[in-house]
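Enquirer: Have a look at this one.
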């Protein structure tokens, strides 16, 4: 027999063997049959946006530790992170920089005559 698609997904063709996921931040009722059945709930941690524009991952060098439409927070001066990060603890100082990025302190370049070859 057929199975209904779970919450947050839909199948838009009869006889589909798989359900498609709603976009990040959107959900749907059990058994949904079209992408238009997906409705906005909230942008999760690591993502920002709103109902009109959808949710997008925080960019490199930023994070967002709360659900909602607030903007992503910068990791600080010269600090970086991968995209879609969820906490300041994901921020790091890149090669050539030192500091306390994981607690929001930013980074500074290594001094003359010194180096750091890894993040």
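In the numbering used here, the protein residues as written are 330 to 448.
Backbone N, C-alpha and C define an ideal beta-carbon position, used for all residues, glycine too.
Just so it is clear, the structure is predicted and the values come from calculations on it, not from any experiment.
Roughly how many angstroms lie between the CA atoms of residue 377 and residue 402, to the nearest whole one?
Expert: The alpha-carbon atoms of residue 377 and residue 402 are separated by roughly 10 Å.
Enquirer: Please work out which residues of its chain come closer than 8 Å, Cβ to Cβ, to residue 354, disregarding the five sequence neighbours upstream and downstream, and give them in chain order.
Expert: Taken in chain order, the residues that qualify are 369, 370, 371, 372, 373, 376, 378, 383, 384.
Enquirer: In chain order, what residues of the same chain have a beta carbon less than 6 Å from the beta carbon of residue 366, not counting five sequence neighbours either side?
Expert: Closer than 6 Å at the Cβ level, and outside the excluded window around residue 366, lie 339, 357.
Enquirer: Would you call the CB atoms of residue 425 and residue 410 closer than 7 Å?
Expert: No; because the gap between Cβ atoms is not below 7 Å, this pair is not in contact.
Enquirer: Rounded to whole angstroms, what is the Cα-Cα separation between residue 405 and residue 436?
Expert: Spanning the two alpha carbons is a distance of roughly 7 Å.
Enquirer: Tell me, please, which residues DSSP counts as bridged to residue 379.
Expert: Residue 379 is bridged to 383.
Enquirer: Can you list, in chain order, the residues of its chain whose CB lies under 8 Å from that of residue 448, leaving out five sequence neighbours each side?
Expert: Result list for residue 448: 409, 421, 422, 423, 424, in chain order.
Enquirer: What does a CB cutoff of less than 8 Å around residue 431 pick up in its chain, not counting 5 residues either side in sequence?
Expert: 417, 418, 419, 420, 421.
Enquirer: Beta-carbon within less than 6 Å of residue 442's beta-carbon, same chain only, minus the 5 sequence neighbours each way: which residues are those?
Expert: Once the five neighbours on either side are set aside, residue 442 has no close Cβ partner at all.
Enquirer: Is residue 435 helix, strand or coil when you go by DSSP?
Expert: It is coil, neither helix nor strand.
Enquirer: Do you know offhand how far residue 346's Cα is from residue 439's?
Expert: If you take the alpha carbons of residue 346 and residue 439, they lie about 55 Å apart.
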